[in-house]
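Some notes on the structure that comes next.
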Amino acid sequence: AQSVTQLDSQVPVFEEAPVELRCNYSSSVSVYLFWYVQYPNQGLQLLLKYLSGSTLVKGINGFEAEFNKSQTSFHLRKPSVHISDTAEYFCAVSRTGGGNKLTFGTGTQLKVEL
Amino acid sequence: DTAVSQTPKYLVTQMGNDKSIKCEQNLGHDTMYWYKQDSKKFLKIMFSYNNKELIINETVPNRFSPKSPDKAHLNLHINSLELGDSAVYFCASSHRQGGSTDTQYFGPGTRLTVL
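So the sequences go chain by chain: F and G. No gaps in the numbering here: position 31 of the first sequence is 31 in our numbering, and each next residue is one more. No gaps in the numbering here: position 108 of the second sequence is 1108 in our numbering, and each next residue is one more.
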């Protein structure tokens, strides 16, 4: 079985500052990795995903994430955040050959302040 | 054009009642899902259907019964509602069965409150 750990439940940051949201996963088989964002009172939408190849993945809205197999991590970063980035961010994994099942972490609330 | 839509957006009801939530996707996807998001924002899959056929059932109480009349619709019926059923329920869809790499597209959610 797979599991995802997001250690930070809340991350406050000032506007235009850089931010890193941490995600670690556990799996006995190869996985695919995803970051989804949930804006207030909305559904989730995909930010980016790692399937294979280059370990640095670029997504929408200036976000990027780096897959580190040895540390089983997939941390999300943005060099300069905006107020509009305030949202809940979810890391998720799916097992290769395991169908469509996504296992989510508990989420990190990013709060961008002026 | 809404890709994945759910109705109703809010649902407030008494314990013991039966209620349904409807979901429709216009993306032409083969696979649809129901997720439950609890008060701590933890998101967990409940069911997955591929082209009207159940493929994932995550040990959800049998008071919950999904129904898929066609591949564009996946409804969720809940019998004998309990306080613990209060949550936000999300419908989602993705392109194909077995697509571990596929992006899932989520609806706006239905906030169910059981009094």
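The beta carbon of each residue, even a glycine, is placed where N, CA and C say it ideally should be. Because the structure is a prediction, the values reported are computed rather than measured.
Per-residue DSSP class, three states only, for residue i
i: Asp-85 of chain F; result: helix
i: Asn-68 of chain F; result: strand
i: Asn-1017 of chain G; result: coil
i: Asn-41 of chain F; result: coil
Residue i versus the options, residue with shortest Cα-Cα distance
i: Ser-1048 of chain G; options: F:Gln-109, F:Glu-113, F:Gly-105 and F:Asn-100; result: F:Asn-100
i: Tyr-1089 of chain G; options: G:Lys-1041, G:Ser-1005 and G:Arg-1111; result: G:Arg-1111
i: His-1058 of chain G; options: G:Thr-1103, G:Leu-1076, G:Asn-1050 and G:Tyr-1035; result: Per the sequence presented here, residue 1058 of chain G reads as Glu, with His not at that position. Out of G:Thr-1103, G:Leu-1076, G:Asn-1050 and G:Tyr-1035, G:Tyr-1035 has the C-alpha closest to the C-alpha of Glu-1058 of chain G.
i: Tyr-1105 of chain G; options: G:Thr-1113, G:Leu-1115 and G:Ala-1092; result: G:Ala-1092
i: Asn-1053 of chain G; options: G:Asn-1062, G:Tyr-1033 and G:Ile-1045; result: The amino acid occupying residue 1053 of chain G in the given sequence is Glu; Asn does not appear at that position. With distances taken between Cα atoms, Glu-1053 of chain G lies closest to G:Tyr-1033.
i: Arg-22 of chain F; options: F:Glu-15, F:Phe-14 and F:Gln-10; result: F:Gln-10
i: Ser-1020 of chain G; options: G:Ile-1055, G:His-1095, G:His-1077 and G:Gly-1084; result: G:His-1077
i: Arg-77 of chain F; options: F:Ile-83, F:Gly-43 and F:Val-57; result: F:Val-57
i: Tyr-129 of chain F; options: F:Leu-114, F:Gly-105, F:Gln-109 and F:Tyr-50; result: Residue numbering for chain F in the displayed model covers 1 to 114; residue 129 of chain F lies beyond these limits and cannot be assessed.
i: Ser-1068 of chain G; options: G:Asn-1050, G:Ser-1080 and G:Leu-1115; result: G:Asn-1050
i: Lys-1044 of chain G; options: G:Gly-1028, G:Ala-1087 and G:Thr-1113; result: G:Ala-1087
i: Phe-1042 of chain G; options: F:Leu-114, F:Val-112, F:Thr-108 and F:Glu-113; result: F:Thr-108
i: Ala-65 of chain F; options: F:Glu-88, F:Asn-41 and F:Phe-34; result: F:Phe-34
i: Ser-27 of chain F; options: F:His-82, F:Thr-72 and F:Pro-18; result: F:Thr-72
i: His-1073 of chain G; options: G:His-1029, G:Tyr-1010 and G:Gln-1014; result: G:His-1029
i: Asn-61 of chain F; options: F:Val-4, F:Glu-113 and F:Thr-86; result: F:Thr-86
i: Lys-1071 of chain G; options: G:Arg-1063, G:Ser-1094 and G:Val-1060; result: G:Ser-1094
i: Val-1060 of chain G; options: G:Lys-1040, G:Ser-1039 and G:Asp-1085; result: G:Asp-1085
i: Ile-1055 of chain G; options: G:Leu-1027, G:Tyr-1010, G:Arg-1096 and G:Gly-1107; result: G:Arg-1096
i: Met-1046 of chain G; options: G:Asn-1075, G:Lys-1040 and G:Leu-1027; result: G:Asn-1075
i: Lys-69 of chain F; options: F:Asn-41, F:Gly-53 and F:Glu-20; result: F:Gly-53
Distance CB(residue i)-CB(residue j) smaller than 7 Å
i: Gln-1116 of chain G; j: Val-1004 of chain G; result: Missing from the structure shown is residue 1116 of chain G; chain G here goes from 1001 to 1115 and no further.
i: Lys-1022 of chain G; j: Thr-1002 of chain G; result: no
i: Thr-96 of chain F; j: Ser-30 of chain F; result: yes
i: Val-93 of chain F; j: Gln-2 of chain F; result: yes
i: Tyr-36 of chain F; j: Phe-74 of chain F; result: no
i: Thr-1103 of chain G; j: Leu-46 of chain F; result: yes
i: Gly-43 of chain F; j: Gly-1099 of chain G; result: no
i: Ser-84 of chain F; j: Glu-16 of chain F; result: no
i: Thr-55 of chain F; j: Phe-63 of chain F; result: no
i: Thr-1113 of chain G; j: Val-1012 of chain G; result: yes
i: Ser-1065 of chain G; j: Gly-1016 of chain G; result: no
i: Pro-12 of chain F; j: Lys-111 of chain F; result: yes
Cβ of residue i within 7 Å of any chain C Cβ
i: Phe-1047 of chain G; result: Absence of chain C from the displayed structure is noted, the protein chains being F and G.
Whole-angstrom C-beta distance between residue j and residue i, which should lie under 8 Å
i: Leu-51 of chain F; j: Tyr-32 of chain F; result: 5 Å
i: Glu-113 of chain F; j: Phe-14 of chain F; result: 6 Å
i: Leu-1115 of chain G; j: Gln-1014 of chain G; result: 6 Å
Margin query: Just to confirm the assignment: which complete beta strand (DSSP E) runs, minimum length 3, are found wholly within the segment 1023-1092 of chain G?
Written below: Counting only runs of 3 or more, we get 1031-1037, 1043-1050, 1053-1057, 1064-1070 and 1073-1078.
Notebook entry, point to check: In chain order, which beta strand (DSSP E) runs of at least 3 residues are fully inside the segment 88-113 of chain F?
Noted result: Segments of the beta strand (DSSP E) lying fully in the segment 88-113 of chain F: 102-104 and 108-113.
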